[in-house]
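The numbering of the sequence shown is UniProt numbering, which starts it at 1 and goes up by one. Contents: one structure, followed by commentary.
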Amino acid sequence: MLKSVVFLLRCNSNRIIRDQVRYASQALPQLSSEKYNVKRKQFGTVQESDINYFKSILSEERVLTDENDVLPFNIDWIKNCRGQSKVVLKPRSTEEVSKIVKYCNDKHLAVCPQGGNTGLVGGSVPVFDEVVLCLGLLNKIISLDEISGVLICEAGCILESLDTCVRERNLIMPLDLGAKGTCQIGGNASTNAGGLRLLRYGNLHGSILGIEAVKADGTVIDCLTTMKKDNTGYHLKHLFIGSEGTLGIVTKVSINCPVLPKAVTVGFFGVKDFQSVLKLYKSAKLSLGEILSAFEMADFNAINSSVTNLNLPNPIDEYPFYVLVETHGSDEGHDAEKLNRFLDKEMESGLIIDGTVTSEPAKMQTIWNLRESIAGSSLTRGYVFKYDVSIPLGNYYDLVPMLRKKLGNKALDVYGYGHIGDSNIHINIVVPEYTKEIGSQIEPYVFEEVSKLNGSISAEHGVGFRKPQYIHYSKNESALDLMRELKTLMDPKGILNPYKVLPEK
Ligand code: FAD
Ligand code: MLT
Ligand code: ZN
Numbered sequence: 001m002l003k004s005v006v007f008l009l010r011c012n013s014n015r016i017i018r019d020q021v022r023y024a025s026q027a028l029p030q031l032s033s034e035k036y037n038v039k040r041k042q043f044g045t046v047q048e049s050d051i052n053y054f055k056s057i058l059s060e061e062r063v064l065t066d067e068n069d070v071l072p073f074n075i076d077w078i079k080n081c082r083g084q085s086k087v088v089l090k091p092r093s094t095e096e097v098s099k100i101v102k103y104c105n106d107k108h109l110a111v112c113p114q115g116g117n118t119g120l121v122g123g124s125v126p127v128f129d130e131v132v133l134c135l136g137l138l139n140k141i142i143s144l145d146e147i148s149g150v151l152i153c154e155a156g157c158i159l160e161s162l163d164t165c166v167r168e169r170n171l172i173m174p175l176d177l178g179a180k181g182t183c184q185i186g187g188n189a190s191t192n193a194g195g196l197r198l199l200r201y202g203n204l205h206g207s208i209l210g211i212e213a214v215k216a217d218g219t220v221i222d223c224l225t226t227m228k229k230d231n232t233g234y235h236l237k238h239l240f241i242g243s244e245g246t247l248g249i250v251t252k253v254s255i256n257c258p259v260l261p262k263a264v265t266v267g268f269f270g271v272k273d274f275q276s277v278l279k280l281y282k283s284a285k286l287s288l289g290e291i292l293s294a295f296e297m298a299d300f301n302a303i304n305s306s307v308t309n310l311n312l313p314n315p316i317d318e319y320p321f322y323v324l325v326e327t328h329g330s331d332e333g334h335d336a337e338k339l340n341r342f343l344d345k346e347m348e349s350g351l352i353i354d355g356t357v358t359s360e361p362a363k364m365q366t367i368w369n370l371r372e373s374i375a376g377s378s379l380t381r382g383y384v385f386k387y388d389v390s391i392p393l394g395n396y397y398d399l400v401p402m403l404r405k406k407l408g409n410k411a412l413d414v415y416g417y418g419h420i421g422d423s424n425i426h427i428n429i430v431v432p433e434y435t436k437e438i439g440s441q442i443e444p445y446v447f448e449e450v451s452k453l454n455g456s457i458s459a460e461h462g463v464g465f466r467k468p469q470y471i472h473y474s475k476n477e478s479a480l481d482l483m484r485e486l487k488t489l490m491d492p493k494g495i496l497n498p499y500k501v502l503p504e505k
C-alpha cells in the first residue's frame, strides 16, 4: 500500500508551478469518496479484457495500470481530492479518443477526462475508478494564420507552449494564467478559464472560434470553424466551453490570437484600504483607456503569503492592499508615460501610497510572479479551502473580514486577491488540517453570503466535484433542469465525468 509518493512534474515551465511543487514524500490526501461521503454509481468495472482492448487500439506504453504510474492522475493540484482509478489512457488522436469513449459507453465504464490537472475544483481527477483519459499527447499545432491570427491546435497543447509559438509570429494567446506552464488549451476550453487579462481580451466563449469534440457515444462533432462570424444554426461550441468534460471530450480548438503588444508596462502599487482600490480601478480605466490589460488586487496577507512562504521579493514596502496594473499597447514611451502620469496623479491624490512602474521584462516578471504565486503559496502551511467567486464590486471584499471574524484563530490565515476588472475575488482560508467541523463552518456559509450579494459561487474555476451541491446558489431549478436535459441528450448513460457539475436530484 502506498503511503507517500514523489509526483511527476508534468510541467514544461521553469516558473511558478515548478517553484511550488511540493509533493515529494507527503502523506496522500484522503479519498474523495470517503471525505465527501459519495456513493459509487452503477458503472462497470474495468476488466483485463478491457485493458487488452485499450492496448490493442493504443499501445502497451500508452495504457498505464501500475499503481505508482496512475497515482498522480488520481490527485488534484490542490490536494483536496483523491480518486481510485486503476487505468490511465493516453490517446494520440481524435480517432483514438473516439474509439475509447465509444467502447467505454458500450461497456458502461465511466471516464474522467484530464488535461494538465491544474483544475482547482476536483473536476480533473476521478472520484472512484473512472478511466482517466489523459489528453496530453494530443499536442500538435495544426495551423496558424498570421493574417487573421487564427490558431488551430489539438486539445493537449500546453498554454505556455502555444503562447511561445504564436509570439514568434507577433501574436499572443488571448488568455494567461498562473498555471500556463502545465494547463492545456482543451482544459482551458473545458473550464472556460478566465485568467489575468480577461478584462482586455474577453473570455473563451468569444476567443474560441471553433471546437472539435467527441460525444459520449464516440461521435466526433466537427465545429472547427475559423470564422469569427458564423450564424448557421445553434452555436454548438458553447456547449463544450465550460462544461468541464461532462458533455464531450474536446479534441481540437480554433482560437483567435490578438496581436503581440509592442509595449508592455506593469505598475505595482500600495494602497491603504479597499475603497481606494475601487477608486483606483475607476481612475485607471479613465486614465489608461484602451491600453489597460490587467487590474489585479491582493490584500496584505495574500502578498505576504507569497513573500514569506515562497521567499519571493516584494518590490515595494508593506501595505494593507496591493494593486497590479498592466498595459498592453503599441508605443512604449507613450504607454509608460501614461502609466507614470496615472501614478503621479494618484500619489498626489493619496490613493496610491507607494508604487513602482516598469517595462523591464525581468522586473515585470518579478511582480507577476508575486501575484501568480499566491495560488499555491499556502499549500505547505496546512490545508487550504479555496473560493473563487464573483461579487458586485461594491461588496467585493466583504467576505474576507467576515470570514476572519467567523473563524477566529481556527484559521491560520484568510486572504483575498483576484481580478478586480472581472468582479472576481479568490479567497483562501488556511487551516492546520482538514476537518469536517471546520468545513461545515465555512460551507455553505460562503456560498450563502455570495448568493445574498447577487454574486456567482464559481467565477472562473467551475463547479467540478467540489461544488455541484451548491450550484443552486447561482442557478435556479429551471436552469438546472435544462442542464440535466442537455446532459441526458449528449451522454445518456452518464459516463462522462460523473459526480461533477450537476447535483443529484
Ligand atoms: P484539468 O485540470 O486537467 O481539467 C479541468 C476540467 O476540464 C476537468 O473537469 C476535466 O475533466 C476537464 N477537461 C480537461 N481537458 C479536457 C478536454 N480536452 N476535454 C474535455 N474535458 C476536459 N483558472 C482560471 O480560470 N483563471 C486563473 O487565473 C487560474 N489560475 C490558476 C493558477 C494556478 C497556479 C493553478 C494551479 C490553477 C489556476 N486556474 C485558473 C485553474 C486551472 O488552471 C484552469 O481551470 C485550467 O483551465 C485547467 O486546465 P487543465 O488543462 O489543467 O485542465
Ligand atoms: C488566480 O487568479 O491566481 C487563480 O485563479 C488561482 C487561484 O484562485 O488562486
Ligand atoms: Zn483567478
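All residues carry an ideal CB built from backbone N, CA and C; glycine is no exception.
Cα-Cα separation between residue i and residue j, rounded to whole angstroms
| i | j | result |
| --- | --- | --- |
| Glu296 | Thr45 | 46 angstroms |
| Ser377 | Lys282 | 29 angstroms |
| Thr65 | Val125 | 16 angstroms |
| Phe269 | Glu332 | 20 angstroms |
| Glu275 | Thr435 | According to the sequence displayed, residue 275 carries Gln and not Glu. Their Cα atoms are separated by approximately 35 angstroms. |
| Asn80 | Glu337 | 45 angstroms |
| Val21 | Thr380 | The predicted model places Val21 with a pLDDT of 40, which falls under 50 and marks its position as unreliable; any figure quoted below should be read in that light. If I take the Cα positions, the gap works out to 10 angstroms. |
| Ser451 | Val389 | 10 angstroms |
| Glu326 | Asn37 | 44 angstroms |
| Ile208 | Leu151 | 10 angstroms |
| Lys228 | Ala193 | 20 angstroms |
| Ile471 | Glu477 | 10 angstroms |
| Ile78 | Gly329 | 35 angstroms |
| Ser32 | Val121 | 12 angstroms |
| Ala284 | Asp422 | 14 angstroms |
| Ser456 | Tyr473 | 8 angstroms |
| Arg484 | Asn231 | 26 angstroms |
| Leu135 | Asn203 | 22 angstroms |
| Pro498 | Ala459 | 22 angstroms |
| Asp335 | Lys262 | 10 angstroms |
Alpha helix (DSSP H) segment containing residue i, residue limits
| i | result |
| --- | --- |
| Leu162 | 159-167 |
| Phe73 | 67-74 |
| Leu144 | Run containing Leu144: none in the alpha helix (DSSP H); it sits in the beta strand (DSSP E), 141-145. |
| Tyr53 | 48-57 |
| Val446 | 445-452 |
| Val400 | 399-407 |
| Phe342 | 332-349 |
N- and C-terminal bounds of the beta strand (DSSP E) containing residue i
| i | result |
| --- | --- |
| Gly416 | 413-419 |
| Gly210 | 208-214 |
| Asn428 | 424-431 |
| His328 | 321-329 |
| Met297 | 292-299 |
| Leu357 | Correcting the residue identity first, residue 357 is Val in this sequence and not Leu. Counting along the chain, the beta strand (DSSP E) containing Val357 begins and ends at 354-358. |
| Val389 | 383-390 |
| Ile221 | 220-223 |
Cβ of residue i within 9 angstroms of any chain B Cβ
| i | result |
| --- | --- |
| Tyr383 | The chain inventory of the structure shown lacks chain B, comprising one protein chain alone. |
beta-carbon residue i near ligand 2 non-hydrogen atom, thresh 8 angstroms
| i | result |
| --- | --- |
| Gly416 | no |
| Glu460 | yes |
| Ile374 | yes |
| Lys386 | yes |
| Leu412 | no |
| Leu310 | no |
| His419 | yes |
| Arg371 | yes |
Heavy atom of ligand 1 within 8 angstroms of residue i beta-carbon
| i | result |
| --- | --- |
| residue 542 | As shown, the chain starts at 1 and ends at 505. That puts residue 542 outside it, with no answer to give. |
| Gln184 | yes |
| Lys237 | no |
| Asn428 | no |
| Phe240 | yes |
| Glu244 | yes |
| Leu135 | yes |
| Trp368 | no |
| Asn188 | yes |
Any non-hydrogen atom of ligand 3 closer than 8 angstroms to residue i Cβ
| i | result |
| --- | --- |
| Asn424 | yes |
| His205 | no |
| Leu177 | yes |
| Gly195 | yes |
| His334 | no |
Suppose only complete runs of 3+ residues qualify. What are the beta strand (DSSP E) ranges in the stretch 242-277, listed by chain order? Complete beta strand (DSSP E) runs here, min 3: 249-256, 263-271.
| request: Report the residue ranges of all beta strand (DSSP E) runs contained in full by the stretch 71-151; include only those spanning at least 3 residues, in chain order. | output: The qualifying runs are 111-114, 131-134, 141-145.
| message | Threshold first: 3 residues or longer. Then list the beta strand (DSSP E) segments lying entirely within the stretch 468-503, N to C. | response | Correct list: empty.
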